[in-house]
Amino acid sequence: MEDERLADTWRQENAQQCPSCESWVQKASGCNHMSCSVCRCHFCFLCGESLPVKNPYLHYGKGMACAGRLFEGLTGLEDPFAEGPFA
């Protein structure tokens, strides 16, 4: 029971459910435009909304639900020269 509760908590904090097949998808890196590995549905990792295949990036444009948030939460882009001999 405790393991199941911990797994549910982890999923809520680290994954998003595909709006088409309901598989759980974890974002390992990259932007918030996701493609489900099970059914290939395109969706937004932030809000879970299904995205149009022809132009999924419209969802992140001005006046849209997740405007300007395509790269929100992106990690791993730290400046390698921020510290060290080149700083």
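Mapping to the UniProt record's numbering: the sequence shown position 66 is 66, numbers consecutive.
No residue lacks a Cβ here, since even glycine has one placed at the ideal position from N, Cα and C.
If you count every other CB in all the chains shown that lies within 10 Å of the CB of residue i, and 16 or more means buried, which is it?
i	result
Arg5	exposed
Phe71	exposed
Leu58	exposed
For the alpha helix (DSSP H) that residue i lies in, which residues bound it at each end?
i	result
Ala7	Glu2 to Asn14
Let's see if you can read the secondary structure: which residues bound the beta strand (DSSP E) around residue i?
i	result
Ser37	Note, Ser37: premise wrong, no beta strand (DSSP E); not H, not E.
Out of curiosity, what's the CA-to-CA distance linking residue i and residue j?
i	j	result
Ala7	Gln16	13 Å
Asn14	Lys27	7 Å
Cys18	Gly68	22 Å
From the DSSP output, read off the bridge partner residues of residue i.
i	result
Cys44	His33
Val25	Gln16
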